[in-house]
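The listed protein sequences correspond, in order, to chains Z and E. Going by the numbering used here, the first sequence opens with residue 607, and the numbers climb by one from there. Going by the numbering used here, the second sequence opens with residue -3, and the numbers climb by one from there. Glycine residues also receive a C-beta, built at the ideal position from the N, C-alpha and C atoms. Everything below concerns the one structure shown next.
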Amino acid sequence: MNFDYNEEQQLLADSVRRFIRKDYDFESRRKIVASAEGWSEKIWGTFAEMGLLGLPLSPDYGGFGGGAVDLMSVMELFGEALVVEPYLATVGLGAQFVARAGTAAQKKRILPRVVEGKLKMAFAQTEKDARYNLAHVAATARKAGGGWQLDGGKCAVIGAPIAEMLVVSARSADTGGISLFLVEREAKGMALKPYRTVDELRAADISLKGVTVGADALLGKEGAALALIEEVVDYATALLCAEAVGAIKYANDATLEYMKTRKQFGVPIGMFQALQHRMVDMVISYEQAKSMACLACTKADAASDARERARSISAAKIKIADACRHVSQESVQLHGAMGMTEELKVSHSFRRLTMIAQQFGDADHHLERFAKA
Amino acid sequence: MDLNYSAEELAFRDQIRAWLDANLPDDLRRKVADYERLSKEDLARWHRILARAGWVAPAWPREWGGTGWSVAQRYIFEEECGYVGAPPLIPFGPTMCAAVLLRFGTEAQKKRFLPRIYNGDDFWCQGYSEPGSGSDLASLKTRAVRREDHYVVNGQKTWTTLAHYADWIFCLVRTDPNVEKRQEGISFLLIDMKTPGISVRPLILMDGEHEVNEVFFDDVKVPVENLVHEEGKGWTVAKYLLGHERLTTGRIGASKRELARLKEIASKQMKDGRPLMEEARFRDKVSRVEVELTALEITNLRFLDQLRSGRVPGAEVSMLKIRGTEIQQTLTELMMQAVGPLAQPFRPLGGAGDFDEFAAGLAPRYCNFRKTTIYAGSNEIQRNIISKAILGL
């Protein structure tokens, strides 16, 4: 038993912390969010230089072969800074599919470009009426001219407008099972309707009309991708839990600071017991969330037993979703009207936490999965 | 990062488990499992069994009977005892009074009291709360006046758990009423319960049980050698005890056992022809408390891990108390809800009752467990502690 980060993980965390302090304060983030692209190429380049993009990938492709725990501190710090670049979409989802199920040729074609920062990815999975059910895929894949033809629609694909390549799930016309395909964002027949999300990420709804891809676009075995999707989404969920812990930490730190400085009735509002106890409960929520993020990340790697992994990660997401909701709401309430304003970062952590609570399934979804796993 | 126990720790756990399995008497095991009241003799019997094994006071220094276990081993031992459903080891002697004596006691006091505590010869209780001073402990009024070689004690303690079993009581008393700060002028006395002038009156709680008492002191003579630490420094002693490492305060082992019990009960209760455990609304409540307990166990292990590497957890323990007791209460509440109408019978009129006695015990148990968020520093006091010590508010 040991809950500390090892020396390498601490060094990594220190360098990410330094980088964020220098280049990703709230003002810098505000500029990135306001830009037309909604992400910063310079920041992404720094991620590559720091080795963050190859952290979980095999050294064969320029990566460092790290596990989910190695990414944990990075995700926590990204959460604290409310980083908007599509790190989770690329490293936690897109590249993971390739790393886990790709052929040697696919890995060689894609992973080094991810590591170098030249390729960003996104996972096009969710469809209208699917909610969080990963088996709900109505988009179709038909064999056509030695390759495949994809048709259907996807929605709320985080990072899609920024990605050069998407991993698209579709149901095979032959087998009835779900398959995954690598699709260039510029592929003919694929149309994106991009938008900003509530938490200032970039996302898109996507329509696929007769999109043709080659045979080498099929990722993994035809019709047998559901287990892989579950596995990778669990992995990304564990990382998201760590990101939530960072955002919760930010909201708590900011609120505590505010309680010590904001005066009413002649004293700092932190003198009021009614507020002190609420702050204490936020801190307990943080500690409990952190514990569950540790659990999720230690169970998220490919080798984990599937049932144990599903139960642990759903349990973590239940706790994290509750903690996100609790801390985000209280942080705004304790800031009073100031907490409502665009000007304060706490209103941004509020929005991020609100979206994280639901991403990859809300507490109700995971309560059901937890009980049935 | 590794959330699992080491191979040695797992081997230790297995050893403890096997020992408990072989040495916990069946009748005690059944009584605990059926939530029956344990008699003084039941508690004493288990104490003696542990004493024979050398396991009454793992945390004490070896020369006084400690085991020399690591903090992790001590934690594992206590959680396993809770998980298997062993009778509790009443903490007033072995944990609390002993900790004070080991830190502040004279050599003579240690020699006089520690072996008897260890062997279970003396049963102790704690004289802190008074009718007017609950959470505001420093407002206590029980008065001790020095007369040559003894103190004369007058006053009243209340909520005194198991005072009716006790041979001794450790008390906070006021030796100097003329002080600027109320925390001064308080002293820590050890008092023989057989001393003339002490009377104990039961307070019956809403579950119908006799667990706590009022203790009255009427010109009670206490030899000065029973003073621990200096006169007037009792608050230092009390604070030490409060901050004394209590990493098992979350009672994870016992709650795990209760959770398994809850699932068992809810699986046997039928609703519309299906087990209640399969009904989504009830099942979600069970899942939520299970997730909270899992998180608390990991949080508890994180604090333990910090302690192991030399960082002493202070107010963090208050978090374990708050969440641990909330979980215990939720579990007892869900058990009562699980049996629905069968929870209503309380006591039969006339001969034996014709109702499910186990199910009927669940509502009184729910009632009893409301105490957990009130005792040992109410959860509001725990929040005050965290607010001051961790948040600096």
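Residue range of the beta strand (DSSP E) that residue i falls in?
i	result
E:H206	H206 to P219
Z:I784	I784 to E790
Z:M727	M727 to A730
E:H43	Note, E:H43: premise wrong, no beta strand (DSSP E); alpha helix (DSSP H) at K36 to A49.
Z:I764	G753 to I764
Z:F976	Where Z:F976 is concerned, there is no enclosing beta strand (DSSP E), although the alpha helix (DSSP H) it sits in stretches over A969 to K978.
Z:Y801	M796 to R802
E:W56	Per DSSP, E:W56 belongs to no beta strand (DSSP E) and is neither H nor E.
E:S195	I194 to I200
E:R143	R139 to R143
Z:L717	Note, Z:L717: premise wrong, no beta strand (DSSP E); alpha helix (DSSP H) at A710 to V721.
E:I182	I182 to D188
Over what stretch of residues does the alpha helix (DSSP H) that includes residue i continue unbroken?
i	result
Z:R624	E613 to D629
E:Y147	Looking at the DSSP string, E:Y147 is not in any alpha helix (DSSP H); the run it does join, the beta strand (DSSP E), is H146 to T157.
Z:S775	Counting along the chain, Z:S775 falls outside any alpha helix (DSSP H), though it belongs to the beta strand (DSSP E) covering M771 to S778.
E:G230	G230 to G239
E:L297	A276 to R304
Z:T746	First-last for Z:T746: T746 to A750, but that is the beta strand (DSSP E), not the alpha helix (DSSP H).
E:L168	That residue, E:L168, is in no alpha helix (DSSP H); its beta strand (DSSP E) goes W164 to R170.
Z:W650	E647 to E655
E:G249	I248 to K264
With respect to 7 Å, is the separation between the Cβ of residue i and the closest non-hydrogen atom of the ligand MG below this value?
i	result
E:I165	Absence of the ligand MG from the depicted structure is noted, as is the absence of any ligand whatsoever, leaving it without description.
Starting from the Cα of residue i, find the closest Cα among the options and give me that residue.
i	options	result
E:P391	E:L330, E:V80 and E:T102	Since the displayed chain E opens at -3 and closes at 389, residue 391 of chain E lies outside it and no answer follows.
Z:L973	Z:Q616, Z:I919, Z:A766 and Z:Q882	Z:I919
Z:L788	Z:F632, Z:A969, Z:T818 and Z:V697	Z:T818
E:P360	E:Q324, E:M202 and E:E176	E:M202
E:S395	E:A47, E:K281 and E:I72	Here chain E comprises residues numbered -3 to 389, so residue 395 of chain E is not present and cannot be evaluated.
Z:I924	E:D132, E:E286, E:E329 and E:A311	E:E286
E:V218	E:P192, E:L237, E:G230 and E:P198	E:P192
Z:S679	Z:R715, Z:S621 and Z:A860	Z:S621
E:C93	E:L110, E:V67, E:A82 and E:A14	E:L110
Z:L740	Z:G751, Z:I784, Z:G765 and Z:S778	Z:I784
Z:P692	Z:Q712, Z:L658 and Z:L959	Z:L658
Z:G723	Z:I854, Z:T696 and Z:T861	Z:T696
E:G61	E:V52, E:A68 and E:F119	E:V52
Z:R913	Z:K827, Z:D968 and Z:K978	Z:K978
Z:S953	Z:V804, Z:I835, Z:A895 and Z:R868	Z:V804
Z:G660	Z:E733, Z:I716, Z:K855 and Z:D610	Z:I716
Z:R808	Z:R958, Z:R777 and Z:N612	Z:R958
Z:A980	Z:F632, Z:G758, Z:T732 and Z:K760	Within the shown structure, residues of chain Z are numbered from 607 to 979, placing residue 980 of chain Z beyond reach of any answer.
E:S135	E:R13, E:T91 and E:K153	E:K153
Z:V839	Z:G672, Z:K628, Z:F976 and Z:F729	Z:F729
E:L185	E:A256, E:L258 and E:Q105	E:Q105
Z:A880	E:N380, E:K190, E:G346 and E:V196	E:N380
Z:M654	Z:P718, Z:G698 and Z:A674	Checking the displayed sequence, the identity of residue 654 of chain Z turns out to be Ala instead of Met. It is Z:P718.
Give the straight-line distance between the Cα atoms of residue i and residue j, rounded to the nearest whole angstrom.
i	j	result
E:N209	E:Q122	11 Å
E:A234	Z:S934	38 Å
E:E226	E:S183	7 Å
E:G320	E:R112	31 Å
E:R41	Z:G942	58 Å
E:N296	E:L243	7 Å
Z:V773	Z:V889	38 Å
Z:Y841	E:L98	50 Å
Z:C626	E:D30	Per the sequence presented here, residue 626 of chain Z reads as Ile, with Cys not at that position. When rounded, the distance between both Cα atoms is 57 Å.
E:G78	E:D17	13 Å
E:L34	E:P83	8 Å
Z:A908	E:G116	53 Å
E:M427	Z:G700	In this structure chain E extends from -3 to 389, so residue 427 of chain E is not present and cannot be described.
E:F88	E:E4	31 Å
E:K107	E:Y114	11 Å
E:K177	E:G228	11 Å
**Request:** Starting from the N-terminal side, write out each stretch of the beta strand (DSSP E) that is 3 residues or longer and does not extend beyond the segment 805 to 883 of chain Z.
**Result:** 808 to 819
**Touching by the beta-carbon criterion (3+ pairs, under 8 Å), the segment 924 to 942 of chain Z and the segment 953 to 969 of chain Z** = Touching, yes, given that three or more Cβ pairs across the two stretches are closer than 8 Å.
**Asked** For the segment 78 to 102 of chain E, which segments carrying the alpha helix (DSSP H) assignment without a break, of at least 4 residues, lie completely within its bounds, in sequence order?
**Response** 94 to 100
**Prompt:** So, do the segment 813 to 831 of chain Z and the segment 791 to 799 of chain Z have three or more beta carbon pairs nearer to each other than 8 Å?
**Reply:** yes
**Sufficient close CB pairs (3 or more, under 8 Å) joining the segment 282 to 297 of chain E to the segment 894 to 908 of chain Z** = Proximity of the segment 282 to 297 of chain E to the segment 894 to 908 of chain Z meets the contact definition, three or more beta-carbon pairs being nearer than 8 Å.
**Request:** Tell me, please, whether the segment 876 to 895 of chain Z touches the segment 703 to 714 of chain Z by the rule of three or more beta-carbon pairs shorter than 8 Å.
**Result:** no
**Message:** So, does the segment 631 to 650 of chain Z touch the segment 664 to 677 of chain Z, judging by three or more C-beta pairs under 8 Å?
**Reply:** no
**Message:** Report the start-end ranges of each alpha helix (DSSP H) in the segment 319 to 373 of chain E that is 4 residues or longer and not cut off at the edges.
**Reply:** Fully enclosed alpha helix (DSSP H) runs of 4 or longer: 353 to 356 and 358 to 365.
**Message:** I'd like to know if the segment 858 to 865 of chain Z and the segment 819 to 826 of chain Z are in contact, where contact means that at least 3 CB-CB pairs between them fall below 8 Å.
**Reply:** no
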